[in-house]
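Here's the structure we're looking at; comments come further down.
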Amino acid sequence: MIRRLIIGITGASGAIYGVRLLEIARTLPEVETHLIVSPAGWLNVDHELERPRHEIEALADVVHAPRNIGASIASGSFAAEAMVIAPCSMRTLAAVAHGLSDNLVTRAADVALKERRRLLLLVRETPLNLAHLRNMAAVTEMGGIIFPPLPGFYQRPASIQDMVDHTLGRVLELAGFANTRSPPWLGLQNSN
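Heads up, the final residue of the sequence shown is numbered 229 in the numbering used here, and it's a clean run with no missing numbers.
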């Protein structure tokens with residue numbers, strides 16, 4: 038059975054999260070990925086990762102244009118397991134919080150919420166102002182999950198890749214997929 042995962046990449050720093058999520062999803066059996074990248078998202082992919090667009094698009098099973106609000110993923114009849122916006126700009130967060138379906142990223146997120154499907158937003162901005170916090174609260178009240186990509190150091194990451202993979206392992210777990218990237222915390226091993 039195919040399980041669909043929608044991945045949005047928007048114009049906040051942290052393009053590595055969305056791209057690495059695509060790479061990991063390719064290793065998961067029966068996962069079909071649908072990618073939407075905003076124009077500002079492409080700018081960040083180019084600036085932060087220096088990878089060509091065709092290479093990123095090749096990681097996805099289906100690529101959707103951000104202005105195509107008539108795409109399959111814009112309908113509740115399109116059965117997707119979850120949607121992850123990684124990274125999620127504060128502009129995208131605000132649009133989702135206020136139901137502004139003005140592009141395919143925000144429309145697909147709105148569909149996820151109305152259909153009571155998993156929606157995870159890897160919001161990227163600091164410090165947070167009151168509008169950011171209120172928008173996060175609104176999305177949470179609607180059933181979305183706010184997941185700032187903050188590294189956990191208890192697993193003693195040795196590289197940026199370790200930190201990214203640990204975060205995405207948790208994201209995949211919350212989205213209903215297998216977490217193959219971050220082992221569960223087993224507690225401190227006391228030597229006493």
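Ideal placement from N, C-alpha and C gives every residue a C-beta, glycine not left out. All values derive from a computational prediction rather than experimental measurement.
Beta-carbon gap between residue i and residue j smaller than 7 Å
| i | j | result |
| --- | --- | --- |
| Ile110 | His71 | yes |
| Leu223 | Phe184 | no |
| Pro124 | Arg161 | yes |
| Glu118 | Arg41 | yes |
| Ile44 | Leu58 | yes |
| Met179 | Leu150 | yes |
Nearest-angstrom Cβ-Cβ length linking residue i and residue j, presumed shorter than 8 Å
| i | j | result |
| --- | --- | --- |
| Ile106 | Arg144 | 5 Å |
| Ala146 | Asn172 | So it is not a contact: roughly 12 Å between Cβ atoms. |
| Glu152 | Gly113 | 5 Å |
| Asn140 | Ser75 | 7 Å |
Close Cβ partners of residue i (< 7 Å) along its chain, the five nearest in sequence each way excluded
| i | result |
| --- | --- |
| Thr129 | Thr47, Ile122, Val142 and Thr143 |
| Gly189 | His203 |
| Ala108 | His101 and Leu141 |
Residue i versus residue j: straight-line alpha-carbon distance, rounded
| i | j | result |
| --- | --- | --- |
| Glu67 | Ala97 | 13 Å |
| Ala215 | Pro103 | 28 Å |
| His91 | Thr163 | 31 Å |
| Met38 | Leu167 | 43 Å |
| Leu165 | Ser126 | 12 Å |
| Glu69 | Leu225 | 37 Å |
| Glu94 | His169 | 30 Å |
| Arg218 | Leu211 | 13 Å |
| Pro221 | Leu209 | 13 Å |
| Ser138 | Val148 | 9 Å |
Close beta carbons around residue i, own chain, < 8 Å, minus the five adjacent residues each side
| i | result |
| --- | --- |
| Arg88 | Val56 and Val82 |
| Ala175 | Ala134 and His135 |
| Pro194 | Pro188, Met200 and His203 |
| Leu80 | Gly48 |
Where residue i falls, given that 16 or more other Cβ within 10 Å makes a residue buried
| i | result |
| --- | --- |
| Gly307 | As displayed, the chain neither begins before 38 nor continues past 229, which places residue 307 out of reach and without an answer. |
| Asp202 | buried |
| Thr204 | buried |
| His101 | buried |
| Gly51 | buried |
| Ala49 | buried |
| Ile53 | buried |
| Pro186 | buried |
Any non-hydrogen atom of the ligand MN within 6 Å of residue i CB
| i | result |
| --- | --- |
| Leu42 | The ligand MN is not part of this structure, which contains no ligands at all. |
Cβ-based neighbour list, residue i, same chain, cut-off 6 Å, excluding 5 preceding and 5 following
| i | result |
| --- | --- |
| Ala131 | Asn172 |
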